[in-house]
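Colleague: Under the UniProt record's numbering, the residue at position 86 of the sequence shown is numbered 86, and the numbers go up by one with no gaps.
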Amino acid sequence: MVLKMNKRISNIIGVKFREALFSTAIKIMLMIILIYSIAISFLPYIKKNFFNDAPVSVGCNVSLDSMEDDNFILVDYSNKCDLKVTFEDNKYFIDINSREGYDKLNYLLQKIHQINYAEFIKENKISGQQYDKLLNNNIIINDVSDEIIQVNSEVMDFLIMVTIPFYLILITLVSRIGAQVAYEKGSKVTEVILTAVSEKQLFFCNVISSMLITVVSLLIVMAPMVAAYVINDPTYTSDFSFFTTSKLIYLLIHLTFVCISLIMLSIAISSIAKQPEDANIFAILSMAPLFISYTYFMFKIDLYKGVFTILNYVPIFSAFPVVSAILNDGISITNLIFVFVSNIIFIILEYLALEKVYCSNISNI
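Structural data, given as structure tokens:
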């Protein structure tokens, strides 16, 4: 009997997953986020071949072989330039003199790493990881350009880039969930399904099938970024060097909690709608905590403080602050584990509460 019930549940999950995955809205969304992810992952190559970025001028007081390419023009050290590299006391001092120079800063850092990498390891017999740490501690950047550049601009740029596909995934998924739940509410199809499974089990099926769509979407977004990270050639790929394996794992865990929480909220709220056309309004309202999270992040790249500290432990409210804290090393492992444990407890309580809302509304017209 249990095996038969499990088979029914898995069949319903499979049907709902396939229906959503092959729906027009989801297919268009997946195509858009794939193209967008490829574009931001291979932005240097695209700029070089389609937008013809003008090279920036670099002045160095030390010979850097292979520095000059389509991105850089080497000029005399005493001349005015976009980027000035001074090598003293085994340290690289980099002056940023223009916005154009700032835009090429990450590329310059990658070039310095590549130029010194093999020879330095060979002569000093240290690991690549030790070399990275040593060289990073010996690069000092002085921004003297006209525009004020945020200290966390690298993380900020990355978050802004990934915000677009992340929002597109969630808005498309939440809207479709809302429409589907409202359409099924009180319908003959739902009545037939509820003869095979309970309302609680149907809620579970909706949550799991929607979560599977989210996982597929995130994998599609991440695939080009992972490829760019592995290739790590500044001529072709964007710089994702601030990522580490541990940070990636933490981000995936956090985003999973955020998606589960949002999906459950959307399913439950959409079941309240009296008419299918009202479902999208309810679904979008369920994203309000995510909008609050992003608004806070735009003003302050940090965790919530003061009376709002409690929001760090609520998945949808903490979506962007926790992501920025992870990337900026602004949260300790102990605190992060506490956040994750709190998220799990919150999601369990949220599931039980929203399950009741769904069950009390799904059969009513």
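Glycine included, every Cβ here is placed at the ideal spot set by N, Cα and C.
Where does the unbroken alpha helix (DSSP H) through residue 262 begin, and where does it stop?
Modeller: 245 to 270
Colleague: Using the C-alpha atoms, what's the distance from residue 93 back to residue 253?
Modeller: Separation of residue 253 and residue 93 (C-alpha to C-alpha, rounded to the nearest whole angstrom) is 38 Å.
Colleague: Grab the span of the beta strand (DSSP E) containing residue 60 for me, first residue to last.
Modeller: 56 to 60
Colleague: Excluding the 5 residues flanking residue 82 on each side, which residues of the same chain have their C-beta closer than 6 Å to its C-beta?
Modeller: 56, 57, 97, 98, 100, 101, listed in sequence order.
Colleague: Quick one: is residue 215 buried, meaning 16 or more other Cβ sit within 10 Å of its Cβ, or exposed?
Modeller: exposed
Colleague: Who are residue 75's beta bridge partners in DSSP?
Modeller: 59
Colleague: Tell me the DSSP secondary structure of residue 273 in three-state form.
Modeller: coil
Colleague: Whole angstroms is fine: what's the gap from residue 311's alpha carbon to residue 287's?
Modeller: 15 Å
Colleague: Measuring alpha carbon to alpha carbon, tell me which of 197, 47, 165, 112 ends up nearest residue 221.
Modeller: 165
Colleague: Is the stretch 171 to 184 touching the stretch 14 to 25, taking contact as three or more C-beta pairs under 8 Å?
Modeller: yes
Colleague: Considering only their Cβ atoms, is the gap separating residue 29 from residue 168 smaller than 8 Å?
Modeller: yes
Colleague: Counting Cβ pairs, one atom from each stretch, are 3 or more of them under 8 Å apart for the stretch 313 to 325 and the stretch 246 to 266?
Modeller: yes
Colleague: Is residue 178 helix, strand or coil when you go by DSSP?
Modeller: Looking at residue 178 - three-state DSSP - the assignment turns out to be helix.
Colleague: What first and last residue would you give for the alpha helix (DSSP H) that runs through residue 356?
Modeller: 333 to 361
Colleague: Looking at the structure shown, is residue 240 part of a helix, part of a strand, or coil, going by DSSP?
Modeller: coil
Colleague: Would you grab the beta carbon distance between residue 25 and residue 172 for me? Rounded to a whole angstrom, and I think it's under 8 Å.
Modeller: 6 Å
Colleague: With a CB to CB cut of under 6 Å and the five nearest residues on each side skipped, what residues in its chain are close to residue 206?
Modeller: 267
Colleague: Skipping 5 residues on each side, what residues in its chain have a beta carbon closer than 7 Å to that of residue 110?
Modeller: 234, 239
Colleague: Residue 36 lies in the alpha helix (DSSP H); which residues open and close that run?
Modeller: 24 to 41
Colleague: Less than 8 Å separating the beta-carbons of residue 336 and residue 321?
Modeller: no
Colleague: Around the Cβ of residue 237, are there at least 16 other Cβ atoms within 10 angstroms (buried) or fewer (exposed)?
Modeller: Using a 10 angstroms sphere on the CB of residue 237, the tally of other CB atoms reaches 16 or more, which defines it as buried.
Colleague: Helix, strand or coil, according to DSSP, for residue 292 in the structure here?
Modeller: helix
Colleague: Following the continuous alpha helix (DSSP H) through residue 227, name the residue where it begins and the one where it ends.
Modeller: 199 to 231
Colleague: Which residue marks the beginning of the alpha helix (DSSP H) containing residue 102, and which one marks its end?
Modeller: 99 to 103
Colleague: Taking a contact to mean a Cβ-Cβ separation below 8 Å, would you say residue 361 touches residue 272 in this structure?
Modeller: Contact: yes.
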